[in-house]
Amino acid sequence: MRDAVPVAITFLLIFTAYGAVARQTGLDAAETVAVTLAIFAAPAQFVILEPLKQHAWITVAGIALVVNFRFLLMGAALVPHYGSLPHRRVLPPLLFLSASTFALGYTWANQHATRSAAEKLRYYVGVVTLSVPLAAGGSVAGFLADDILPAELSALLLLVMPVYFTTLLAKAARRRAPFIAGLIGFVLVDPADQLVPGFGLMIVAVTTGLVIVLVEEIGARRGRAA
Numbered sequence: 001m002r003d004a005v006p007v008a009i010t011f012l013l014i015f016t017a018y019g020a021v022a023r024q025t026g027l028d029a030a031e032t033v034a035v036t037l038a039i040f041a042a043p044a045q046f047v048i049l050e051p052l053k054q055h056a057w058i059t060v061a062g063i064a065l066v067v068n069f070r071f072l073l074m075g076a077a078l079v080p081h082y083g084s085l086p087h088r089r090v091l092p093p094l095l096f097l098s099a100s101t102f103a104l105g106y107t108w109a110n111q112h113a114t115r116s117a118a119e120k121l122r123y124y125v126g127v128v129t130l131s132v133p134l135a136a137g138g139s140v141a142g143f144l145a146d147d148i149l150p151a152e153l154s155a156l157l158l159l160v161m162p163v164y165f166t167t168l169l170a171k172a173a174r175r176r177a178p179f180i181a182g183l184i185g186f187v188l189v190d191p192a193d194q195l196v197p198g199f200g201l202m203i204v205a206v207t208t209g210l211v212i213v214l215v216e217e218i219g220a221r222r223g224r225a226a
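Numbering (full-length UniProt numbering), first residue to last: 1 to 226.
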């Protein structure tokens with residue numbers, strides 16, 4: 001649980017900014033929290049606000065589909081660490097996968113390979129248990145404090161979030177990963193930023209990190225099986 005404290009504090013700050021922007025967009029408090037619990041990915045929540053305001057449901061569905069593709073990548077890397085634990089124990093907490101909860105859960109499971117599957121899952125659930133209430137609470141706090149929050153906060157988060165997520169994912173990567181990530185980033189960041197202005201770096205960083213982790217996890221498993 002101690003490892004989750006920095007993540008939880010960061011969540012509180014990021015989701016506070018999200019709550020303020022959500023109110024400015026026209027969402028009410030319940031809708032603001034509902035988006036947080038349904039998506040649980042702060043960058044995507046910023047992106048989805050304008051389509052929600054315009055009732056552009058096809059765009060909203062498309063964004064949700066792309067964002068929630070993370071469950072396939074992250075789940076494929078995490079589930080093997082939980083062994084033969086029943087699905088009813090494993091699947092519910094996986095609904096709150098994010099770059100942060102995944103990076104901590106995956107890294108801890110790798111670093112404590114001799115621990116039981118139940119201990120590894122308990123660690124991940126502890127991270128989620130601390131992070132989700134603070135994300136929801138931050139959303140409400142931002143919504144209520146919109147009038148007093150500095151307008152520059154959202155702009156600052158555009159710089160903070162990519163660094164934060166890249167740092168987290170780097171903990172789960174191996175040595176050659178930074179070189180691969182750097183090359184992919186050089187090629188893809190600009191096109192991604194054209195599609196989603198202001199979020200290209202974050203999207204490429206998170207997606208690249210997840211793909212690298214998944215590929216290396218598959219390679220490690222094949223190596224152990226050989």
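For every residue, glycine included, the Cβ atom is placed at its ideal position computed from N, Cα and C.
May I ask you to report which of helix, strand or coil DSSP gives Ala99?
helix
Excluding the 5 residues flanking Ala44 on each side, which residues of the same chain have their C-beta closer than 7 angstroms to its C-beta?
Ile63 and Val67
Return the CA-CA distance between His112 and Leu94, expressed in angstroms with no decimal places.
20 angstroms
Have a look at Ile203 and Phe69 and give me their C-alpha separation to the nearest angstrom.
13 angstroms
Report the three-state DSSP secondary structure of His55 (helix, strand or coil).
coil
Give the straight-line distance between the Cα atoms of Leu37 and Phe46, rounded to the nearest whole angstrom.
14 angstroms
Val5 classed as buried or exposed, judged by whether at least 16 other C-beta atoms fall within 10 angstroms:
exposed
On the three-state DSSP scale, how would you describe Leu144?
helix
Helix, strand or coil: how does DSSP classify Ala137 here?
Residue identity check: residue 137 is Gly in the sequence provided, not Ala. In this structure, Gly137 counts as helix in the three-state DSSP scheme.
Less than 7 angstroms separating the beta-carbons of Val106 and Ala76?
Note that residue 106 corresponds to Tyr in the displayed sequence, not to Val. No, they are not a contact pair.
How about His87 and Lys120: are their beta carbons less than 7 angstroms apart?
no
What does the alpha-carbon distance come out to for the pair Gln24 and Val140?
13 angstroms
Where does Thr114 fall in DSSP's three states?
coil
If the criterion is Cβ atoms closer than 7 angstroms, does the pair Ala20 and Gly137 meet it?
no
Need the endpoints of the alpha helix (DSSP H) that Pro92 sits in, please.
His87 to Leu94
Between Leu195 and Leu73, is the Cβ-Cβ spacing less than 7 angstroms?
no
Bounding residues of the alpha helix (DSSP H) (the contiguous stretch that carries Leu72):
Arg70 to Leu78
Neighbourhood of Pro51 by C-beta, 6 angstroms cutoff - its chain only, sequence neighbours within 5 removed:
Thr59 and Val60
Rounded to whole angstroms, what's the CA-CA distance from His55 to Leu104? Just pull it up for me.
35 angstroms
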